[in-house]
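A.B. asks: Before anything else, here's the structure in question.
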Ligand code: SF4
């Protein structure tokens with residue numbers, strides 16, 4: 008098989024030989040200062056770089072060049088998305104699973120974890136608890152199970168979630184992270200009004216993938232790797248990719264992830280809407296010591312920075328798997344979305360769970376309000392914006408705005424407007440005070456006079472009790 012970026016076949020667009028050649032090329036050029044400078048100059052146009060170029064940057068360990076890489080990543084994030092950080096929370100619907108993923112506590116053969124599936128009434132309670140925290144954007148998570156979580160259950164749950172309006176609360180965007188499925192089911196998800204369809208590849212290395220996924224439908228490498236193609240064919244044009252760093256060597260998976268992004272661009276004209284960068288972390292029945300490829304904080308930061316440089320338009324997501332300290336580090340080099348106040352237990356928002364049903368241990372255990380205040384202190388604007396998908400800015404329409412940097416004209420006012428809603432409805436007095444000062448300062452920085460005036464009007468209307476404005 009040859010490498011073909013626009014092939015529909017997994018092993019052609021994620022081509023093992025091309026990845027190995029790229030690793031060799033990057034290692035051979037890791038000290039090539041001229042080449043690295045050349046790549047950085049090219050990347051400074053905010054148009055992205057190839058997987059080979061990204062691999063060279065990732066190998067770089069020369070302190071001065073590394074500082075340049077970090078600075079450029081920060082600049083690109085700032086230029087394209089401004090200082091807003093979009094907030095979301097995961098919602099676990101069910102942890103029944105038929106797969107055998109070695110690193111996941113949901114695996115069918117794990118008999119020590121408590122199993123639970125939420126009823127629609129329980130989902131309602133979870134959503135009210137999430138709305139009362141201030142969340143507007145969720146990522147639905149569920150194990151793969153033909154009877155416990157068929158597509159009908161997922162669709163019913165999405166419908167339930169969108170229809171709950173508690174006080175001023177509303178979930179305005181539901182992203183979905185469920186197992187690889189058929190074109191027909193992706194169409195159904197699209198019609199149910201989902202935001203992004205998220206599916207992590209876990210690892211792009213086929214041999215390792217098969218060892219890590221010995222049983223269940225997920226053991227089919229090609230079916231899993233081609234899932235985003237089927238999602239696109241089913242009409243979903245915002246897809247989110249990611250690997251679980253630590254399962255395999257980070258070089259291989261990083262390059263695979265870049266090639267996947269290039270594949271989606273080449274074949275559909277739309278790269279990944281988001282890229283997630285989880286690292287393997289402790290959980291029930293999972294001992295991280297068994298994963299010699301787990302990555303250091305320093306390497307993690309480099310991966311985030313080079314991802315931002317290589318795929319400038321994408322949203323980069325970091326979850327509460329990461330500690331506050333490591334989240335702070337990567338916020339500086341390009342992360343644009345964070346979860347906050349997360350519970351990874353099934354039913355954990357409405358009630359403290361007596362039995363552990365969680366997929367992983369949470370490292371950042373702070374409340375959403377604490378994270379909002381912390382983001383203020385770091386100079387970021389927490390945003391509860393969901394405007395793009397609701398305004399039909401998805402797929403290639405979104406990409407055109409993101410690539411040209413025009414999306415910032417929407418992100419900035421939307422961040423301030425949705426933050427104003429948060430401050431009015433959910434913030435503690437201390438957070439509210441800080442947030443109001445930040446809004447007063449940031450609103451004046453909106454360059455376009457018409458947008459600025461309209462945003463000011465909306466801010467006042469929110470104080471007077473109205474909700475849900477957007478650009
Ligand atoms: S304007 Fe669009 S890209 Fe910007 S935060 Fe809102 S939904 Fe995201």
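Numbering (the numbering used here), first residue to last: 8 to 478. By construction, the Cβ of each residue, glycine as well, lies at the ideal position given by its N, Cα and C atoms.
When you measure from the CB of residue 393 to every non-hydrogen atom of the ligand SF4, does any distance come out below 7 Å?
C.D. replies: Checking the Cβ of residue 393 against the ligand SF4 gives yes.
A.B. asks: Is residue 209 helix, strand or coil by DSSP?
C.D. replies: Correct three-state label for residue 209: strand.
A.B. asks: Who does residue 84 pair with in a DSSP beta bridge?
C.D. replies: In DSSP, residue 84 forms no bridge with anything.
A.B. asks: When the Cα atoms are used, what is the spatial distance from residue 102 to residue 123?
C.D. replies: So the two alpha carbons sit approximately 6 Å from each other.
A.B. asks: Does DSSP put residue 99 in a helix, in a strand, or in coil?
C.D. replies: Of the three classes helix, strand and coil, the one that applies to residue 99 here is strand, per DSSP.
A.B. asks: Looking only at its chain, what residues have a beta carbon closer than 7 Å to the beta carbon of residue 133, apart from the 5 residues adjacent to it on each side?
C.D. replies: For residue 133, where only same-chain residues beyond five positions count, the Cβ hits under 7 Å are 98, 125, 354, 356 and 357.
A.B. asks: To which residues does DSSP link residue 344 through a beta bridge?
C.D. replies: Residue 344 pairs with 93 and 324.
A.B. asks: Does residue 364 pass the burial test, meaning 16 or more other C-beta atoms within 10 Å, or should it be called exposed?
C.D. replies: Label assigned to residue 364: buried.
A.B. asks: Can you give the Cα-Cα distance for residue 80 and residue 361, rounded to whole angstroms?
C.D. replies: Cα to Cα, the separation comes out at about 43 Å.
A.B. asks: Is the CB-CB distance between residue 62 and residue 262 below 8 Å?
C.D. replies: Against a cut-off of 8 Å, the Cβ pair of residue 262 and residue 62 comes out as a contact.
A.B. asks: For residue 151, which residues from the same chain have a beta carbon less than 8 Å from its beta carbon, with the 5 sequence-adjacent residues on both sides left out?
C.D. replies: These residues qualify, in order along the chain: 104, 105, 106, 185, 186, 223, 224 and 225.
A.B. asks: With a threshold of 16 other CB atoms inside 10 Å of the CB of residue 141, please say whether the residue is buried or exposed.
C.D. replies: Per the 10 Å Cβ criterion, buried.
A.B. asks: Is the closest heavy atom of the ligand SF4 to the C-beta of residue 390 under 7 Å?
C.D. replies: Yes, the Cβ of residue 390 comes within 7 Å of a heavy atom of the ligand SF4.
A.B. asks: Among 43, 336, 379 and 312, which residue has its Cα nearest to the Cα of residue 443?
C.D. replies: Here the closest residue by C-alpha is 379.
A.B. asks: Between the region 426 to 433 and the region 262 to 272, do at least 3 Cβ pairs fall closer than 8 Å?
C.D. replies: In short, these stretches do not touch, since the Cβ pair count stays below three.
A.B. asks: Would you please state the rounded distance, in angstroms, between the beta carbons of residue 76 and residue 316? I believe it to be under 8 Å.
C.D. replies: Correct: roughly 7 Å between the Cβ atoms.
A.B. asks: Please report the residue range of the alpha helix (DSSP H) in which residue 426 lies.
C.D. replies: Element bounds for residue 426: 415 to 432.
A.B. asks: Under 7 Å from any heavy atom of the ligand SF4, does the C-beta of residue 379 make it?
C.D. replies: Because no heavy atom of the ligand SF4 lies under 7 Å away, the Cβ of residue 379 does not count as near it: no.
A.B. asks: Please determine if the region 248 to 263 and the region 185 to 201 are in contact, where contact requires at least 3 C-beta pairs separated by less than 8 Å.
C.D. replies: Flag = no, the region 248 to 263 and the region 185 to 201 do not touch.
A.B. asks: Restricting to runs no shorter than 4 residues, where is the alpha helix (DSSP H) found entirely within the region 242 to 267?
C.D. replies: Segments of the alpha helix (DSSP H) lying fully in the region 242 to 267: there are none.
A.B. asks: Could you say which of 448, 396 and 112 lies nearest to residue 387 if we only look at CA atoms?
C.D. replies: Answer by Cα proximity: 448.
A.B. asks: Report yes if the C-beta of residue 421 is less than 7 Å from at least one heavy atom of the ligand SF4; otherwise report no.
C.D. replies: Yes, the beta carbon of residue 421 sits closer than 7 Å to at least one heavy atom of the ligand SF4.
A.B. asks: Should the region 229 to 241 be called in touch with the region 14 to 27, which here means at least 3 C-beta pairs below 8 Å?
C.D. replies: The region 229 to 241, when compared against the region 14 to 27, does touch it at the 8 Å Cβ threshold.
A.B. asks: Residue 166 to residue 218, Cα distance in whole Å?
C.D. replies: Their backbone Cα atoms lie some 37 Å apart in a straight line.
A.B. asks: Quick one, are the C-beta atoms of residue 145 and residue 171 less than 8 Å apart?
C.D. replies: Against a cut-off of 8 Å, the Cβ pair of residue 171 and residue 145 comes out as no contact.
A.B. asks: Would residue 66 and residue 84 be called neighbours here (beta carbons separated by less than 8 Å)?
C.D. replies: Not closer than 8 Å, so no.
A.B. asks: In whole angstroms, what is the alpha-carbon distance linking residue 274 and residue 472?
C.D. replies: So the alpha carbons of these two residues sit roughly 46 Å apart.
A.B. asks: Using the Cβ count rule (16 or more neighbours within 10 Å means buried), how would you classify residue 143?
C.D. replies: Residue 143 should be labelled buried.
A.B. asks: Taking the alpha-carbon of residue 480 as reference, which of 192, 58 and 54 has the nearest alpha-carbon?
C.D. replies: Residue 480 is absent from the structure shown; the chain starts at 8 and stops at 478.
A.B. asks: I'd like to confirm the pairing. Which residues does DSSP put opposite residue 224 in its beta bridges?
C.D. replies: In DSSP, residue 224 forms no bridge with anything.
A.B. asks: So does residue 414 have its beta carbon nearer than 7 Å to some heavy atom of the ligand SF4?
C.D. replies: Result yes, Cβ under 7 Å from the ligand SF4.
A.B. asks: Could you tell me whether the region 338 to 354 touches the region 311 to 327, where touching means 3 or more Cβ pairs closer than 8 Å?
C.D. replies: Yes: the two stretches touch, three or more of their Cβ pairs being nearer than 8 Å.
A.B. asks: Nearest-angstrom Cα distance between residue 231 and residue 466?
C.D. replies: Rounded to the nearest angstrom, the two C-alpha atoms are 44 Å apart.
A.B. asks: How is residue 144 classed by DSSP in three states: helix, strand or coil?
C.D. replies: Note: residue 144 maps to strand in three-state DSSP.
A.B. asks: Starting from residue 181, follow the alpha helix (DSSP H) in both directions and report where the run begins and ends.
C.D. replies: Not the alpha helix (DSSP H): residue 181 falls in the beta strand (DSSP E), residues 180 to 184.
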